[in-house]
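Accompanying notes for the structure given below.
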Amino acid sequence: MSGAFEALADPTRRTIVERLAHEPMTAGQIADLFDLARPGVSRHLRVLREAGLVEAEAVAQRRVYRLAPTALDDVEQWCRSVRSFWDQRLDALETEIARGSRADRKACQ
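Okay, here's the thing in structure tokens:
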């Protein structure tokens, strides 16, 4: 999973993943999205492949990239566990705020 986070830490790679979430693209189509030389885009795609986030398929002379079907499962699971931590804390905060509001109303009466 840390490989996925490391790969997604770069804004260019995040943009590539976001675009591939909508449709598969060739390396050339991806390169056209950025002001980067094709070798730079190829390096980003290699990092994403090595992290298991994208897959490449050879179609004739081109490689078509798409998101790996389960690529973000580990990231999603991690987010759920962290969200659960914060949800519990925020629920407790909401309860304390409600108690404080009730106490304020009683004090004003």
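Note that the working numbering has the sequence shown beginning at 729, numbered continuously upward. Note that the Cβ used here is the ideal one computed from N, Cα and C, for glycine as well.
- By the Cβ neighbour-count rule, leucine 761 is exposed, with fewer than 16 other Cβ atoms within 10 Å of its own.
- Within the same chain, Gly731, Ala732 and Ala735 come within 6 Å of alanine 779 by CB-CB distance, once the 5 residues on both sides are set aside.
- Taking each of Val792, Leu764, Asp763 and Ala765 in turn and checking the Cα distance to arginine 777, the smallest one comes out for Val792.
- Ranked by how close their Cα comes to the Cα of arginine 790, the residues Asp801, Ala799, Leu781 and Pro752 have Pro752 in first place.
- Per the C-alpha coordinates, the member of Val810, Asp738 and Ala820 positioned closest to histidine 772 is Asp738.
- Cβ-Cβ distances below 8 Å link alanine 796 to Gly780, Leu781, Val782 and Glu783 in the same chain, with the five nearest sequence neighbours on each side left out; the list follows chain order.
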